[in-house]
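Visitor: Starting off with a structure, shown below.
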Amino acid sequence: MKKQALAAAVAVAVAFPLAATADVDFYGRAHLSVDLLDDGDDYGEINVSSNSSRFGVRAEHAFSERLTGMLQIEQQIDFDNQGTEFATRDTFVGLKGDWGMFRVGKFDTPFKRARGPANFFGDQVGDMRNITRTSAHGRFDERFRNSLHYRSPSMSGIVFDLQYTPERVGATTVQGGDNYGLSTSLGYRNGPLNAVLAYEQQGDGNVDPDAWRLAASYQVTGDLRIGALYQQTTSAADVDGKVYGIGGTLRINPKMYLNGHVFTLDSDLNDADATLLAVGLEYRLYRELRLYTNVAFVDNDDNSALTPWSQARSAAPGGTAGETATGLSAGMRYDF
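Per the numbering used here, residue 70 is the first one in the sequence shown, and the count goes up by one each step.
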């Protein structure tokens with residue numbers, strides 16, 4: 070705790086001098102839920118969970134019409150527990166202008182961000198990452214350390230991202246090591262259509278696991294948006310897996326939304342397929358404040374033990390192979 074307090078004091082000390090010359094913004098999210106989690110076997114308990122809650126500071130300074138400096142420091146906060154280490158989330162420094170954006174640090178990869186168009190239960194029970202981000206098929210929804218990232222300006226709705234790191238694991242690149250990471254995406258957003266194609270490769274000195282995904286959404290009417298995702302991965306153990314599914318959100322009234330999606334994991338491993346289904350109601354009281362209730366299931370084959378609650382949450386008990394795991398959640402998210 071002393072180390073965390075010291076890190077926070079250093080960040081504040083840095084931020085205050087910047088305030089004299091830059092636009093500084095403190096921001097955050099408090100996202101908590103109460104969940105009844107049942108693994109289909111012996112476990113069935115009520116949990117309180119903090120779900121990717123965070124606190125951060127951003128600063129920007131315009132040096133000229135074409136050049137703006139920027140930085141961000143972001144920390145995960147576990148409101149239900151005792152916090153975590155400092156600057157655990159997207160933390161970087163960079164430059165941007167009409168030529169695009171370049172930054173250095175630790176942040177989500179373009180591949181990870183590419184799930185956005187089809188992401189209807191982000192950081193909640195039912196999050197698609199519970200089935201797209203499995204250890205057996207490669208963990209590709211990650212942040213890269215030691216990263217260099219370029220993003221192009223929008224060209225008639227088309228945006229290109231390229232991220233590279235020479236060392237994903239440690240602070241120093243190992244002599245003769247092969248822990249590089251390469252992630253890239255091509256996105257298109259214009260009118261009702263939002264689509265992105267992404268590819269990622271992670272060096273491990275052996276198989277060099279890789280993955281690609283295609284996600285898209287379409288605003289059918291002012292009240293209805295549908296989305297879909299297809300993903301194919303090859304893990305470090307040379308195991309292939311495919312994930313595909315659809316979802317959508319329907320605005321019932323100006324503040325109430327009905328969300329739902331279904332995704333299937335098709336694994337090369339024997340009897341390791343699984344299907345994720347989630348349905349939820351979300352009440353957006355204000356732009357900054359929303360309440361929701363979800364129910365989600367993962368139906369597992371005999372050698373699969375996935376759950377609908379393992380990702381982006383502090384409460385994440387394990388699953389049981391061959392069983393249907395069920396999560397019932399009531400949550401609140403406050404953005405500031």
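Heads up, the beta-carbon is just placed ideally off N, CA and C, and yes, glycines get one too. Here the structure is a predicted model, which means the values were calculated and not measured.
Would you give the residue range spanned by the alpha helix (DSSP H) that residue 200 belongs to?
Guide: Locating residue 200 in the sequence shown gives position 131, where the first residue counts as 1. Its alpha helix (DSSP H) spans residues 198 to 201.
Visitor: If you draw a straight line from the alpha carbon of residue 108 to that of residue 359, how long is it in whole angstroms?
Guide: Indexing the sequence shown from 1 puts residue 108 at position 39. Indexing the sequence shown from 1 puts residue 359 at position 290. Approximately 28 Å, taken between the alpha carbons.
Visitor: Excluding the 5 residues flanking residue 357 on each side, which residues of the same chain have their C-beta closer than 8 Å to its C-beta?
Guide: Working through the sequence shown from its first residue, we reach residue 357 at position 288. Contacts found: 403, 404, 405.
Visitor: What separation, rounded to the nearest whole angstrom, lies between the Cα atoms of residue 377 and residue 207?
Guide: Taking the sequence shown and counting its residues from 1, the one referred to as residue 377 is at position 308. Taking the sequence shown and counting its residues from 1, the one referred to as residue 207 is at position 138. Using only the alpha carbons, I get a separation of about 18 Å.
Visitor: What residue ranges within the region 265 to 340 form continuous alpha helix (DSSP H) runs of no fewer than 4 residues, ordered along the chain?
Guide: You should have found no qualifying run.
Visitor: Taking the alpha carbon of residue 306 as the reference point, which residue from 94, 267, 273 has its own alpha carbon closest?
Guide: Taking the first residue of the sequence shown as position 1, residue 306 is located at position 237. Selected option, being the one with the closest Cα: 273.
Visitor: Return helix, strand or coil for residue 205, following the three-state DSSP convention.
Guide: Working through the sequence shown from its first residue, we reach residue 205 at position 136. Residue state, collapsed to three classes: helix.
Visitor: So for residue 17, helix, strand or coil by DSSP?
Guide: As displayed, the chain neither begins before 70 nor continues past 405, which places residue 17 out of reach and without an answer.
Visitor: Report the rounded CA-to-CA distance for residue 139 versus residue 253, giving the unit in angstroms.
Guide: As a position in the sequence shown, residue 139 is number 70, starting the count at 1. As a position in the sequence shown, residue 253 is number 184, starting the count at 1. Those two C-alpha atoms are separated by around 22 Å.
Visitor: Use the C-beta contact count for residue 323: other C-beta atoms within 10 angstroms, 16 or more gives buried, fewer gives exposed.
Guide: Taking the sequence shown and counting its residues from 1, the one referred to as residue 323 is at position 254. Exposed: under 16 other Cβ atoms inside 10 Å.
Visitor: Taking 8 Å as the threshold (C-beta atoms), are residue 390 and residue 363 in contact?
Guide: Translated into positions along the sequence shown, residue 363 becomes position 294. Translated into positions along the sequence shown, residue 390 becomes position 321. Their beta carbons are not under 8 Å apart, which means residue 363 does not touch residue 390 by this criterion.
Visitor: Given that a residue counts as buried once 16 or more other Cβ atoms are within 10 Å of its Cβ, and exposed if not, what is residue 150?
Guide: Reading the sequence shown from its first residue, position 81 is the one you call residue 150. Exposed, because fewer than 16 other Cβ atoms sit within 10 Å of the Cβ of residue 150.
Visitor: Should residue 197 be labelled buried (16 or more other beta-carbon atoms within 10 Å of its own) or exposed?
Guide: Locating residue 197 in the sequence shown gives position 128, where the first residue counts as 1. Result: buried.
Visitor: Who are the Cβ neighbours of residue 170 in its own chain at under 6 Å, not counting the five residues just before and after it?
Guide: Numbered from 1 along the sequence shown, position 101 holds the residue referred to as residue 170. Result list for residue 170: 220, in chain order.
Visitor: When DSSP labels each residue in this structure, what does residue 226 get in the three-state scheme?
Guide: In the sequence shown, the residue the question calls residue 226 occupies position 157. In the structure shown, residue 226 sits in coil (DSSP, three-state: anything other than H, G, I, E or B).
Visitor: Helix or strand or just coil, what does DSSP make of residue 185?
Guide: Residue numbering aside, residue 185 sits at position 116 when the sequence shown is read from its first letter. Three-state result, residue 185: helix.
Visitor: Measuring only the C-alpha atoms, how far is residue 240 from residue 215?
Guide: Here residue 240 refers to the residue found at position 171 when the sequence shown is read from its first residue. Here residue 215 refers to the residue found at position 146 when the sequence shown is read from its first residue. Distance between the alpha carbons of residue 240 and residue 215 is about 7 Å.
Visitor: Taking the continuous beta strand (DSSP E) assigned at residue 143, which residues delimit it?
Guide: One-based indexing of the sequence shown puts residue 143 at position 74. Per DSSP, residue 143 belongs to the beta strand (DSSP E) from 137 to 145.
Visitor: Please report the distance separating the alpha-carbon of residue 341 from that of residue 257.
Guide: In the sequence shown, residue 341 corresponds to position 272, counting from 1. In the sequence shown, residue 257 corresponds to position 188, counting from 1. Taking the straight line from one Cα to the other gives about 34 Å.
Visitor: Please report the straight-line C-alpha distance between residue 387 and residue 135, rounded to a whole angstrom.
Guide: Along the sequence shown, read from residue 1 onward, the residue named residue 387 stands at position 318. Along the sequence shown, read from residue 1 onward, the residue named residue 135 stands at position 66. Using only the alpha carbons, I get a separation of about 50 Å.
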